[in-house]
Structure formats: C-alpha cells, structure tokens
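Worksheet: the structure to be examined is printed underneath.
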Ligand SMILES: C[S@@+](CC[C@H](N)C(=O)[O-])C[C@H]1O[C@@H](n2cnc3c(N)ncnc32)[C@H](O)[C@@H]1O
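Structure follows, in structure tokens:
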C-alpha cells in the first residue's frame, strides 16, 4: 500500500551513515547501485567540483575506501558482528588478498551490501553494477549476503565504444548482478516486440497500422485469417544499449553517467508503480530521474555536493510541472557542500555545524530561551565534584560575518557565565574579528591549563580536522553509559551455501 505521507528523499553524505540513520528495515522495493571503482580513467575527472577545483569529499570518500588503513575498523566490525557466512568469506578473502586496496574496497562494499539487504523488502530485488576488476569477488560477497539461492542473473550490458589500440580486446560490456531477497520478488518480465530481423517476424510477417506483427494463416476450406505475434520476444540477459556518447541528448557531463534506457528496463522489470526505488551511489541521478518518470517513489544518496546539485537541476529540468515533492537531507563533507546546506536550510546547517564541534543545539535544551546562543557544551572542571559544571557557548553563522558578531558573542558569554565562547563561521574570519577574539584573553582551568576564551573556527578549519580547545570532555561522557558491545547470532552453515 502506498504511504500517502511519503516524500522522496535525496540524502547527502556517506551512504553507510545515511542508511543506518534514516532508512528503516524492509522499506525498499528495488535497489540499483553503481559504486565507484578506482579506475584511473575516471578517478581524476570525478574529483572535480563544477568550478574545476578538487572535490575534497570525493577524494576523502575514495581514499577512505581505497586504502587498507581506512578499512581496518570496518573489516573488524564485519568479522565481529556479521553472519558466519560473511565472516568466513571476508576472512578467506583477507587470507588470499592480504591487506591491499582490493580488500579495502571489498570491505567497504560488504558493510554496505549488508545494510542494503536489511533495507530491502522481502519482495525486493537488487542490481549491482560492477567493475570487471572486482566483479568476481563481489559475486562471492553478494552470495554471502543475499544467498546464492537468490542469485537471478548476470546481466551483460553491451555497448560499442572505441578506445585507443591496445594489447587486449576492446571492452564492450559491463556486468550487473541481479539478486532477489526471496523467491517472491516482483518481476514484470520485459519483452521486446519482434522486429523484421528477429527471425520470427520474417518475410511472412507484416505490420498492421498499429505496428503489431501478423501473418496470414491459410487453411483448407477456410478464409485466410490473421495470426498476431502477441507477446513479443522474452528479453535475455544480454542487453545491447548504447553508451551515452559525447553528443547524446541525455548526457550531463558527469563522467560515470549511465543511460536512462538501462535503468528503465531494470525499474520496469523489478518494481511496480508507487514502489520505492533506491540508489545509494546515485551520481548525477539517472536512477532517480527514471524512477520519477515511471511513477515510482525514490531515495538517492551521494556523498558530494556536486552530485546533489546536479540531480536537483536535472529533476527540475526534466519535470518542470509535475515533479513530486522531495527533501534533501544530510551532512556536507566539503566547503561547497556546507554552503549548499546553508543556502538550503539554515537550521540543518546550524545543527550540522554544532555537531562538528560536538555541541548540542540550544533550542532542544531550553526551547527558545537561549537568546542568541545556538549550542552548548558542558564539562566538569573536576570529575569528583558535581558542582564544577562549566559551559562552552557556541554561535553558528552561515552568512557574512564581521567584528560586531564577535563582540556580541562576548556579551552573551558574560550573561551566560560561560567559560569559553566559540564562533563557528562558514565565511572566513577577518583580521579584526581574530583581534577582537584574542582580546578576550584566556580561560584558566585549574586542572587542564589555559584555553583561549573566545575562539573562532571556520567550517573549512573544522572540516580540515581543527578542533575546539577546551578541557577534556570525557568526564561528561561518563554521564552516558557506553552501549554494551553485542555479538550477533550467527547463522548455521548448512550445505554448500
Ligand atoms: C559511478 S558513480 C554513479 C553514477 C550514476 N549511476 C549515474 O548514472 O550518474 C558513483 C557515485 O558514488 C558516489 N559515492 C562514492 N562513495 C560514496 C559513499 N560512500 N556514499 C555515497 N555516495 C558515494 C560518488 O560521489 C559518485 O557520484
């Protein structure tokens, strides 16, 4: 049943975080994913923002997933918390591959595929678009998570393209693995009409005014009558669909853009109108756009501001009058992303910025009584003395800033009797602002030393790893009990799979 309150969603951030945070169990009908791979050809192009500068978010995303150092913790998480099948497989792959970039990639994929399995409905399907360098390993991972029993097809998307002469065959296909979550998955078997060259519709067949193929049947003693080829040819697992060439109308300039015809076939075959289609690596939004077009509901995630901006434009351009409402949600990973969020939603930006310094939103705490303070951090000067609570007050500015903002924060700090004040700003801080902040002097902590009383941190600095200078917060963290680490129940390994 379609949910009337549903709104399509475009999430901005790492798909693992977004899925865990926002997407509930068994809520999606169809998943298509086209994860990035470290092919040097696309690597450089993909890393650019629209103004030609390097995209910090993408570089970080790639580096995190590509190098073993970034994947160790995830590998441990899988080994400790996953099903026995996946644990055994990852362990075997590790023994075979060692800790190299391929292992890092498979680890990053395994944890996400596990999450995708969770969000897929029992009647759902998943199509994993693979790079040939990793597809053989990815199929093992898919078998471990979705079960070899529910492997449906290895689809060959075949296309023509011309590359430089080399010492091997020209690459003219991609592989997509199609799995279902159970044997009750939606499948609207696609058919294509017989054409004059299909063999069936040969010279005996003609087309009527509606384009349907027929031939004349003659029987002794009867008037000749027409026999129609009614259903068309069942589509096989090799799909000749042209690549998006340089002059294609649908081309947006996103280096890894996939053709709409490919997504149309997948969405029509494996979902119904009103079904939820999900693309966790949505790039310039081919899946989203086709889903919108085919009256499906949709969810897309991408880690870059560039992709999210492109999708928004693409949707507005494609559907100027009948675009279904949608929301953009999530965390920027770079400065242009932060700017987009600030333009889009002042409050989301503020909450995100507060989180960067580990502050809690004031609105939640005091329901509007906080006069100019956006967030707070509380700490204990002395762990053993419950009366030694001190606070840091935080102000966030998404627009232009000047010296007077620092002066105002100074006043707010005095009123709130705050130990430290922080101004978090999207725009760079000017020299007079830095001077005004420095003039506020220091907060002298009896146990932890001196800290600048008024600190200015730009979003760029925070994204670059700079942190707020203050006494340690671990005392406060003690007020929240650390959740117990649990080991999930492991599946029995029965039979071969
Ligand atoms: C190969 S492209 C997808 C192209 C897409 N199929 C299209 O037609 O435009 C992969 C996308 O995944 C995004 N990406 C990479 N790592 C990600 C992550 N951890 N979470 C979300 N998106 C990610 C990249 O920014 C890139 O846009």
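Residue numbers (the working numbering): 186 to 682.
Glycine included, each C-beta is placed from N, C-alpha and C at the ideal position.
Nearest candidate by alpha-carbon position, reference residue 210, set 307, 295 and 194 | Measuring from the Cα of residue 210, the nearest candidate turns out to be 307.
Could you tell me if the beta carbon of residue 430 falls within a distance shorter than 7 Å of some heavy atom in ligand 1?
-> Residue 430 Cβ: outside cutoff for every heavy atom of ligand 1.
Contact test: residue 626 Cβ vs ligand 1 heavy atom, cutoff 7 Å | At a threshold of 7 Å, residue 626 does not count as near ligand 1, since its beta carbon sits no closer than that to any of the ligand's heavy atoms.
Proximity to residue 375 [Cα-Cα], best of 300, 446, 634 and 317 = Nearest in C-alpha terms to residue 375, of all of 300, 446, 634 and 317, is 446.
Per-residue DSSP class, three states only, for residue 398 | DSSP places residue 398 in the strand class (E or B) of the three-state scheme.
Return helix, strand or coil for residue 500, following the three-state DSSP convention.
-> Helix at residue 500.
Could I get the ranges of all uninterrupted alpha helix (DSSP H) runs contained in the stretch 526-570, with 4 residues as the minimum, in chain order?
-> Restricting attention to alpha helix (DSSP H) runs no shorter than 4 residues, the stretch 526-570 encloses them at 531-541 and 547-551, ordered along the chain.
Compute the distance between the beta-carbons of residue 547 and residue 611, then report whether it is under 8 Å.
-> Against a cut-off of 8 Å, the Cβ pair of residue 611 and residue 547 comes out as no contact.
Using 10 angstroms around the beta-carbon of residue 579, count the other beta-carbons present and answer buried if the total reaches 16, otherwise exposed.
-> So residue 579 counts as buried.
Residue 398: buried (16+ other C-beta within 10 angstroms of its C-beta) or exposed?
-> Buried, because 16 or more other Cβ atoms sit within 10 Å of the Cβ of residue 398.
Where does residue 202 fall in DSSP's three states?
-> DSSP, reduced to helix, strand and coil, places residue 202 within a helical segment of the structure shown.
Residues that DSSP places opposite residue 634 in a beta bridge = 630.
Which of helix, strand or coil does DSSP assign to residue 488?
-> Here residue 488 sits in coil by DSSP.
May I ask you to report which of helix, strand or coil DSSP gives residue 309?
-> Three-state DSSP puts residue 309 in a strand.
Where does the unbroken beta strand (DSSP E) through residue 515 begin, and where does it stop?
-> 511-515 is the span of the beta strand (DSSP E), which, as asked, contains residue 515.
Per the contact definition of three or more C-beta pairs closer than 8 Å, is the stretch 646-658 in contact with the stretch 558-566?
-> Yes, the stretch 558-566 touches the stretch 646-658.
Unbroken alpha helix (DSSP H) run spanning residue 611, endpoints = Premise fails: residue 611 is in no alpha helix (DSSP H) and is neither H nor E.
Short Cβ contact (8 Å threshold) for residue 517 with residue 537 | For the pair residue 517 and residue 537, the CB atoms are nearer than the 8 Å cut-off.
Using 8 Å as the threshold, is the stretch 589-606 in touch with the stretch 503-520, meaning 3 or more CB pairs across them?
-> No, because fewer than three Cβ pairs between the stretch 589-606 and the stretch 503-520 fall closer than 8 Å, the two stretches do not touch.
Which one of 640, 528, 288 and 279 has the shortest CA to CA distance from residue 319?
-> Taking only the C-alpha atoms, the option nearest residue 319 is 288.
Relative to ligand 1, is the shortest distance from any of its heavy atoms to the C-beta of residue 466 smaller than 7 Å?
-> Yes, the beta carbon of residue 466 sits closer than 7 Å to at least one heavy atom of ligand 1.
Should residue 521 be counted as a contact of ligand 1 given a C-beta to heavy atom distance under 7 Å?
-> Residue 521 Cβ: outside cutoff for every heavy atom of ligand 1.
Helix, strand or coil at residue 521 according to DSSP, with G and I counted as helix | In this structure, DSSP gives residue 521 a helical state, which the three-state scheme calls helix.
Beta-carbon contacts of residue 369 that lie in its chain and below 6 Å, excluding the five residues immediately before and after | Within the same chain, residue 369 has close Cβ partners 308.
Where residue 372 falls: helix, strand or coil (DSSP) | In the structure shown, residue 372 sits in coil (DSSP, three-state: anything other than H, G, I, E or B).
Does the beta carbon of residue 200 fall short of 7 Å from some heavy atom of ligand 1?
-> Yes; taking the cut-off as 7 Å, the Cβ of residue 200 has a heavy atom of ligand 1 nearer than that.
Taking 8 Å as the threshold, find out whether the stretch 192-200 comes into contact with the stretch 483-495 through three or more Cβ pairs.
-> Contact between the stretch 192-200 and the stretch 483-495 is present: three or more C-beta pairs spanning the two stretches fall below 8 Å.
Close-in-space but distant-in-sequence residues of the same chain around residue 663 (CB under 6 Å, 5 per side omitted) | Here the model assigns residue 663 a pLDDT of 30, short of 50, so the residue's position is not dependable, and the following value carries that caveat. Excluding positions up to five away in sequence, the list is empty.
Less than 7 Å between the CB of residue 489 and some heavy atom of ligand 1, yes or no?
-> Under cutoff, so the answer is yes.
Indicate whether the contact test is met: 3 or more Cβ pairs, each with one atom in the stretch 389-409 and one in the stretch 349-368, closer than 8 Å.
-> By the Cβ criterion, the stretch 389-409 is not in contact with the stretch 349-368, since fewer than three pairs of Cβ atoms, one from each stretch, lie closer than 8 Å.
For residue 219 versus residue 489, is the C-beta distance shorter than 8 Å?
-> Their beta carbons are not under 8 Å apart, which means residue 219 does not touch residue 489 by this criterion.
On the three-pair Cβ rule with 8 Å, is the stretch 269-286 touching the stretch 418-431?
-> No, they do not touch.
What is the rounded straight-line gap between the Cα of residue 582 and the Cα of residue 609?
-> For residue 582 and residue 609, the distance between alpha carbons rounds to 6 Å.
Contact check, residue 513 vs residue 529, beta carbons under 8 Å | Here residue 513 is near residue 529, since their CB atoms are less than 8 Å apart.
Three-state class that DSSP yields for residue 588 in the structure shown | Under the three-state reduction of DSSP output, residue 588 falls in the helix class.
Helix, strand or coil for residue 340 per DSSP?
-> It is a strand residue.
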